[in-house]
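**Q** Heads up: the protein sequence lines correspond to chains A and B, in order. Here the first sequence stands for residues 361 to 985, where the numbers follow this note's numbering. Here the second sequence stands for residues 2 to 307, where the numbers follow this note's numbering. Heads up, the beta-carbon is just placed ideally off N, CA and C, and yes, glycines get one too. Note that the structure is predicted; figures quoted are calculated from it, not measured.
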Amino acid sequence: MPDLQFKATINGRKISRAAKPHQRLLDFVRDDLNLTGNKEGCGAGECGTCSVFVNGVLMKSCLLPIAKAHNTTIETVEALAKTGELSVLQQAFHKAGASQCGYCIPGMVMAATAALRANPFADREEIKERLGGNICRCTGYQKIFDAVELARDVQNGSLPATVLFEDEVAQGDFIGKNVRRIDTPGKVSGRLKYAGDMTMPGMLHVQVLRSPHPHARIASIDISAAEAMEGVEGVITCADVPGEDGFGVFVNDQPIMARGKVRYVGEAVAAVAAESPLIVKRALAAIKVIYEPLPAVFDPDEALCPGAPILHDYAPDNITKHIPIRVGDVDKGFAESDLVMEETYTTQAIEHAYLEPEAGLAYVDQDGVVTIVSPDQNVTHHRHMLARIIAKPISKVRFIMSPVGGGFGGKEDMIYQGMLALLAMKTQRAVRLVFTREESIISTAKRHPSRTVLRMGLKRDGHIHALQMKMICDGGAYGLSTEGVMRKAAILAAGPYVIPNVRIDTFGIYTNNTPSGAFRSFGALQTAFATESHLDMCAERLGLDPFRIRRINAMRDGAVTHTKARLGSVSLMRSLDALEKASGWESGAPTSRGDRRRDLNRNDIRPPCTLGARFVEAEKPEAAE
Amino acid sequence: MLTCDDYLTPGSLDEAFDMMASHRGCHRIVAGATDTLPWARDGRAGDVHIPALIDVAKIPDLREISVGDRRVRLGAATPLQRFLDNSHLAHALPAMPRCAVWFADDQIRAQATIGGNIVNASPAADVTPCLIAHEAEVELARNSGGEVVRRRMKLDQFVTGPNRTALADDELLVAIECDALPRYGGGFEKVGHRRSLVISLVCLATLLKLDDQGRRIEDVRLAIAGIGPKPVRLEDVETFLCGKQLSAEYLLEAADMPTSLVASRTRQEYRREVVRGFMLRGLINAARRAGADPEVLASELEAAYA
Numbered sequence: 361m362p363d364l365q366f367k368a369t370i371n372g373r374k375i376s377r378a379a380k381p382h383q384r385l386l387d388f389v390r391d392d393l394n395l396t397g398n399k400e401g402c403g404a405g406e407c408g409t410c411s412v413f414v415n416g417v418l419m420k421s422c423l424l425p426i427a428k429a430h431n432t433t434i435e436t437v438e439a440l441a442k443t444g445e446l447s448v449l450q451q452a453f454h455k456a457g458a459s460q461c462g463y464c465i466p467g468m469v470m471a472a473t474a475a476l477r478a479n480p481f482a483d484r485e486e487i488k489e490r491l492g493g494n495i496c497r498c499t500g501y502q503k504i505f506d507a508v509e510l511a512r513d514v515q516n517g518s519l520p521a522t523v524l525f526e527d528e529v530a531q532g533d534f535i536g537k538n539v540r541r542i543d544t545p546g547k548v549s550g551r552l553k554y555a556g557d558m559t560m561p562g563m564l565h566v567q568v569l570r571s572p573h574p575h576a577r578i579a580s581i582d583i584s585a586a587e588a589m590e591g592v593e594g595v596i597t598c599a600d601v602p603g604e605d606g607f608g609v610f611v612n613d614q615p616i617m618a619r620g621k622v623r624y625v626g627e628a629v630a631a632v633a634a635e636s637p638l639i640v641k642r643a644l645a646a647i648k649v650i651y652e653p654l655p656a657v658f659d660p661d662e663a664l665c666p667g668a669p670i671l672h673d674y675a676p677d678n679i680t681k682h683i684p685i686r687v688g689d690v691d692k693g694f695a696e697s698d699l700v701m702e703e704t705y706t707t708q709a710i711e712h713a714y715l716e717p718e719a720g721l722a723y724v725d726q727d728g729v730v731t732i733v734s735p736d737q738n739v740t741h742h743r744h745m746l747a748r749i750i751a752k753p754i755s756k757v758r759f760i761m762s763p764v765g766g767g768f769g770g771k772e773d774m775i776y777q778g779m780l781a782l783l784a785m786k787t788q789r790a791v792r793l794v795f796t797r798e799e800s801i802i803s804t805a806k807r808h809p810s811r812t813v814l815r816m817g818l819k820r821d822g823h824i825h826a827l828q829m830k831m832i833c834d835g836g837a838y839g840l841s842t843e844g845v846m847r848k849a850a851i852l853a854a855g856p857y858v859i860p861n862v863r864i865d866t867f868g869i870y871t872n873n874t875p876s877g878a879f880r881s882f883g884a885l886q887t888a889f890a891t892e893s894h895l896d897m898c899a900e901r902l903g904l905d906p907f908r909i910r911r912i913n914a915m916r917d918g919a920v921t922h923t924k925a926r927l928g929s930v931s932l933m934r935s936l937d938a939l940e941k942a943s944g945w946e947s948g949a950p951t952s953r954g955d956r957r958r959d960l961n962r963n964d965i966r967p968p969c970t971l972g973a974r975f976v977e978a979e980k981p982e983a984a985e
Numbered sequence: 002m003l004t005c006d007d008y009l010t011p012g013s014l015d016e017a018f019d020m021m022a023s024h025r026g027c028h029r030i031v032a033g034a035t036d037t038l039p040w041a042r043d044g045r046a047g048d049v050h051i052p053a054l055i056d057v058a059k060i061p062d063l064r065e066i067s068v069g070d071r072r073v074r075l076g077a078a079t080p081l082q083r084f085l086d087n088s089h090l091a092h093a094l095p096a097m098p099r100c101a102v103w104f105a106d107d108q109i110r111a112q113a114t115i116g117g118n119i120v121n122a123s124p125a126a127d128v129t130p131c132l133i134a135h136e137a138e139v140e141l142a143r144n145s146g147g148e149v150v151r152r153r154m155k156l157d158q159f160v161t162g163p164n165r166t167a168l169a170d171d172e173l174l175v176a177i178e179c180d181a182l183p184r185y186g187g188g189f190e191k192v193g194h195r196r197s198l199v200i201s202l203v204c205l206a207t208l209l210k211l212d213d214q215g216r217r218i219e220d221v222r223l224a225i226a227g228i229g230p231k232p233v234r235l236e237d238v239e240t241f242l243c244g245k246q247l248s249a250e251y252l253l254e255a256a257d258m259p260t261s262l263v264a265s266r267t268r269q270e271y272r273r274e275v276v277r278g279f280m281l282r283g284l285i286n287a288a289r290r291a292g293a294d295p296e297v298l299a300s301e302l303e304a305a306y307a
């Protein structure tokens with residue numbers, strides 16, 4: 361593979377270097393020039409974390425074969441301001457609170473810079489449109505658009521630069537005040553190093569061989585050909601685990617790499633550390649795994665049937681966890697109700713889709729401490745588990761939490777840190793693993809898909825008299841956070857409502873699907889979706905306003921929940937008041953189409969998705985001419 | 002991951018044909034490369050090694066743009082963004098800027114080419130229906146005994162099915178020629194799962210020319226994609242509308258006509274609903290931009306949407 365002689369001006373410096381013909385511009389600036397401000401979020405042009413200027417035009421550097429950038433002038437996020445300084449846009453991001461995890465922010469700042477260069481007077485709709493190629497998973501975008509509008513107004517002179525200064529706050533008076541985040545300058549400038557941005561001298565690259573089968577016995581794994589390859593420094597399987605294998609949040613049912621059998625497509629089977637990513641790929645292809653496919657089960661209801669494939673010997677019924685809650689007498693409650701409604705609700709698996717794919721760097725330090733640097737949402741627990749798994753005292757295991765480029769619960773599981781530790785020990789080198797987006801999606805936990813049967817009995821005046829809920833959740837192949845999710849789902853299932861008779865059962869079930877785990881709200885989404893949807897339908901049947909039915913049943917200060925927690929203060933009534941006002945709610949039973957929507961002259965409701973804000977100017981009559 | 006032994010950037014057509022000849026059977030042509038790189042990833046083609054990638058995006062012949070009174074010639078490597086930043090093109094091809102703004106995003110449009118979108122021949126390609134409505138022809142070239150031999154065909158015949166075209170192995174798509182329609186109003190309606198960077202579930206290009214009073218339809222061009230194996234021109238609807246007064250009655254009748262063409266593999270019922278709505282919205286938008294009498298349109302608009 362002959363190298364290209366790549367010439368360009370990058371951030372004002374002339375570059376002339378050998379490059380591989382298959383390299384993308386993103387690889388070159390990050391790996392060869394160590395300009396890590398621009399990130400790789402997807403590698404497929406979808407997310408915009410890699411956006412750079414090429415001859416003044418913003419482009420996605422993950423889609424640019426390096427030869428396309430030959431003899432061009434390139435600016436990465438590092439070019440926007442000198443060290444220690446921030447551009448107006450970067451200052452505006454700081455002021456507006458527009459960065460949270462920060463991983464999308466360098467690309468977002470670049471896109472915003474391009475948008476205001478294209479039109480210094482772009483309105484909010486046009487800004488949205490011009491930022492359409494960049495995804496943020498934390499902010500909901502509003503503060504980003506606020507920031508761009510603020511920068512626009514400062515740049516075009518309609519606001520003084522002083523609006524970018526921090527609001528003055530009296531000493532110690534922070535509640536209800538806008539306080540700038542102290543970590544924002546590092547994020548908007550691209551200086552903050554996430555795990556995938558970090559390197560160490562002599563560092564090896566790691567990739568993982570994953571199962572193509574949902575359920576299969578592993579007859580054999582032959583790593584000899586991979587181990588013999590030049591440039592390969594270490595190959596590991598479950599046989600390399602020196603201690604007691606198994607991790608999890610509540611039950612340690614998951615091995616570092618598949619042991620004896622695989623239970624889902626994407627499960628780690630082996631891992632390789634080598635001098636370059638290409639060598640790793642070749643070595644992975646040389647590992648010979650013989651699988652004997654087993655019957656698999658993909659539906660939790662089927663997994664509960666007698667004769668269903670069993671995933672884990674310790675759970676022959678495939679039940680990961682069952683949480684029952686009982687209050688009062690539900691059967692009697694239904695008998696005493698004026699209206700009894702039953703409905704089934706389902707929710708699907710959801711990917712967290714943090715912009716930063718999983719990544720980690722590991723090494724063994726001078727004192728023999730196995731050190732893992734990763735965006736890990738649960739370092740202390742993982743440290744204890746890993747010590748047991750690699751048979752070392754806790755003092756010889758160290759976890760360093762790198763900046764988390766979005767987690768939302770998806771980085772609570774020790775999915776890959778164990779492999780990094782084993783490879784660092786085996787190779788005596790620093791090792792780094794960076795997931796691809798596809799790998800992140802196929803192998804890490806999702807929100808639990810659920811099927812909920814909800815039966816509610818109400819009095820004619822709207823009081824809920826009895827509630828019975830049975831929720832079956834697909835926990836996937838391993839336990840992870842399922843137990844906790846089932847518990848919180850059950851605790852919150854009846855909502856913030858006073859209900860005298862309650863029977864709740866939540867079940868987490870093993871299947872051969874991708875494991876389910878922690879995800880924002882941790883089970884409350886699934887049960888609240890059922891309960892709140894159900895309340896709306898009951899309100900319709902009873903001819904009640906949906907806000908009214910909630911106020912009738914709302915817990916007040918001092919209420920006792922159905923799990924016997926006494927609540928000192930309950931803000932539900934205030935929340936309902938605020939929500940009713942903010943939503944422009946049309947009171948009454950939800951039985952008719954409203955008459956105050958945007959298409960009927962209401963202007964504060966989100967319109968359907970459209971594009972073309974930049975054309976507005978062109979469509980006006982050409983009065984100027 | 003896409004790997005290659007050579008990444009070649011020919012500076013002329015002749016050089017490109019030489020490279021294609023010397024790497025016969027082990028090369029792939031790329032232009033913008035915005036679809037090739039994502040294609041070579043897990044879940045699609047996986048890891049792909051192509052011995053020679055031949056990047057035609059910098060060949061001057063493929064980058065030429067000329068706007069005539071009757072026809073427009075577009076080099077095949079014209080980036081989509083030109084329809085948004087070149088006012089001559091926008092003026093001559095009124096539906097193309099509307100199409101371009103829905104195509105990927107500003108950044109990818111700076112790189113992705115019109116020829117690449119055509120040759121990919123996705124059933125959901127955005128550019129192809131829009132160009133078909135502009136009566137586009139493609140110009141193909143190959144090297145025959147040291148001479149560059151060219152042939153032309155209509156774009157809707159060039160695309161033969163999903164991801165299939167009439168392009169021969171030794172040929173390159175060099176240019177696209179299409180009608181200049183400066184006094185037409187143009188529209189492009191598209192729906193997908195998100196706003197930017199999305200593959201069309203349905204897309205519809207509309208071009209409409211009105212009489213001087215802005216009341217009678219003098220000409221109309223319609224093409225749709227996403228509802229079957231390849232984009233199609235809606236000739237029967239065009240015939241029906243031509244010469245008619247702009248009125249809700251005719252627009253509503255026209256909107257129903259193509260719903261029977263929906264033959265997609267999935268979500269047919271949904272697509273039929275979309276087609277009907279798009280026909281109305283697309284025709285109304287094009288009419289408005291063609292200078293429709295605001296009084297006629299305003300009242301008829303209400304009626305059409307009611």
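Excluding the 5 residues preceding and the 5 following Y8 (chain B) in the sequence, name in chain order all residues of the same chain whose CB lies nearer than 6 Å to its CB.
**A** Closer than 6 Å at Cβ, skipping near neighbours: L54.
**Q** Taking the alpha-carbon positions, what's the D689 (chain A) to D661 (chain A) distance?
**A** Cα-Cα distance, rounded: 27 Å.
**Q** Out of A:F768, A:H894 and A:T923, which one is the CA nearest neighbour of L497 (chain A)?
**A** A quick correction: the sequence has Arg, not Leu, at residue 497 (chain A). Of the listed residues, the one whose Cα sits closest to R497 (chain A) is A:F768.
**Q** T731 (chain A) to Q737 (chain A), Cα distance in whole Å?
**A** When rounded, the distance between both Cα atoms is 16 Å.
**Q** To the nearest angstrom, how far is the alpha carbon of H741 (chain A) from that of L664 (chain A)?
**A** Cα to Cα, H741 (chain A) sits roughly 31 Å from L664 (chain A).
**Q** Could you work out which residues of chain B lie near T354 (chain A), taking near to mean beta carbons separated by less than 9 Å?
**A** No answer is possible for residue 354 (chain A): it lies beyond the span of chain A, which begins at 361 and ends at 985.
**Q** Look at S376 (chain A) and Q365 (chain A) and say whether their C-beta atoms are less than 8 Å apart.
**A** Going by C-beta atoms, S376 (chain A) is nearer than 8 Å to Q365 (chain A).
**Q** Check each candidate in A:S810, A:G606 and A:A631 and name the one with the smallest Cα separation from A646 (chain A).
**A** The shortest C-alpha separation from A646 (chain A) is found at A:A631.
**Q** Contact defined as beta carbons within less than 8 Å: I believe R99 (chain B) pairs with G12 (chain B). What is the distance between those atoms, to the nearest angstrom?
**A** Rounded, the Cβ-Cβ distance is 34 Å, inconsistent with contact.
**Q** Check the Cβ of R196 (chain B) against every Cβ in chain A and list those closer than 9 Å, keeping chain order.
**A** Those are K488, E489, G492, C969, T970 and L971, listed as they occur along chain A.
**Q** Please compile the residues from chain A whose C-beta is within a distance smaller than 7 Å of the C-beta of P39 (chain B).
**A** Near P39 (chain B) (Cβ distances below 7 Å), the residues of chain A are A404 and G405.
**Q** Looking at C-beta atoms only, is the number of pairs between the region 825–834 of chain A and the region 862–882 of chain A that lie closer than 8 Å three or more?
**A** Touching, yes.
**Q** Residues in the same chain with beta-carbon distance under 6 Å from P981 (chain A), minus the five sequence neighbours each way, listed in chain order, please.
**A** Any reading at P981 (chain A) must be qualified, since the residue scores a pLDDT of 42, below 50, and its modelled position is unreliable; the value itself is stated next. So no residue of the chain qualifies.
**Q** Taking 8 Å as the CB-CB cut-off, is V363 (chain B) touching chain A?
**A** Only positions 2 to 307 of chain B appear in the structure, and residue 363 (chain B) is not among them; the question remains open.
**Q** Our contact map puts G693 (chain A) next to G817 (chain A) with C-beta atoms below 8 Å; I'd like the distance itself, whole angstroms only.
**A** G693 (chain A) to G817 (chain A), Cβ: 5 Å. Contact.
**Q** Please confirm if I109 (chain B) has its CB atom under 8 Å from at least one CB of chain A.
**A** Yes, contact with chain A.
**Q** Just tell me which of B:D62, B:P95 and B:T240 has its CA closest to the CA of A78 (chain B).
**A** Closest option to A78 (chain B), Cα to Cα, is B:D62.
**Q** On a CA-only basis, which of B:G227, B:A287, B:V199 and B:L156 is nearest T207 (chain B)? Give me that one, please.
**A** Taking only the C-alpha atoms, the option nearest T207 (chain B) is B:A287.
**Q** For F1066 (chain A), list the residues DSSP reports as bridge partners.
**A** Because chain A spans 361 through 985 in this model, residue 1066 (chain A) falls outside it and cannot be assessed.
**Q** Going by alpha carbons, who is nearest to D107 (chain B) out of A:G667, A:P480 and A:G493?
**A** Comparing Cα positions, the closest option is A:G493.
**Q** Helix or strand or just coil, what does DSSP make of P362 (chain A)?
**A** It is coil, neither helix nor strand.
**Q** Count the other C-beta atoms from every protein chain shown that fall within 10 angstroms of the C-beta of G244 (chain B), then say buried if there are 16 or more, exposed otherwise.
**A** Looking at its Cβ environment, which holds fewer than 16 other Cβ atoms inside 10 Å, G244 (chain B) is exposed.
**Q** How about K345 (chain A) and S881 (chain A): are their beta carbons less than 8 Å apart?
**A** Nothing about residue 345 (chain A) can be read from this structure; chain A reaches only from 361 to 985.
**Q** Hey, how far is the Cα of K547 (chain A) from the Cα of A475 (chain A)?
**A** Looking at the two C-alpha atoms, the distance is approximately 20 Å.
**Q** Using a cut-off of 7 Å between C-beta atoms, extract the partners of K399 (chain A) located in chain B.
**A** Result: empty, since nearest Cβ-Cβ is about 15 Å, beyond 7 Å.
**Q** Would you mind telling me which residues of chain A sit closer than 8 Å to D294 (chain B), beta carbon to beta carbon, in chain order?
**A** Within 8 Å Cβ-Cβ: nothing; D294 (chain B) doesn't reach chain A, min ~14 Å.
**Q** Check E982 (chain A) in the structure and name its three-state DSSP category.
**A** Residue placement at E982 (chain A) is flagged as unreliable, the pLDDT there being 40, under the threshold of 50; a coordinate-derived value is accordingly withheld.
**Q** Closest to L746 (chain A) by CA distance: which of A:G608, A:A914 and A:G550 is it?
**A** Ranking the options by Cα distance to L746 (chain A), first place goes to A:G608.
**Q** Could you pull out every residue in the same chain whose Cβ sits closer than 6 Å to the Cβ of K455 (chain A), ignoring the five residues on either side in sequence?
**A** Result list for K455 (chain A): L524, in chain order.
**Q** Which residues of the region 412–436 of chain A have a Cβ closer than 9 Å to any Cβ of chain B? Give them in chain order.
**A** If the cut-off is 9 Å between Cβ atoms, the region 412–436 of chain A has V414, V417, L418, M419, K420, C422, L423, L424, P425, I426, A427, K428 and H430 near chain B.
**Q** On the premise that A91 (chain B) lies in contact with T35 (chain B), defined as a C-beta separation below 8 Å, what is that separation, rounded to the nearest angstrom?
**A** Not a contact, Cβ separation roughly 22 Å.
**Q** Taking CB distances under 8 Å as the criterion, tell me whether K442 (chain A) reaches chain B.
**A** Taking Cβ atoms only, chain B never reaches closer than 8 Å to K442 (chain A), which makes this a no.
**Q** Closer than 6 Å by C-beta to G532 (chain A): which residues in its own chain qualify, once you throw out the five before and the five after it? Chain order, please.
**A** Cβ neighbours of G532 (chain A) beyond the five flanking positions: none.
**Q** Leaving out five residues before and five after P381 (chain A) in sequence, what residues of the same chain have Cβ atoms less than 6 Å from its Cβ?
**A** Excluding residues within five positions, the ones whose Cβ falls inside 6 Å are L364.
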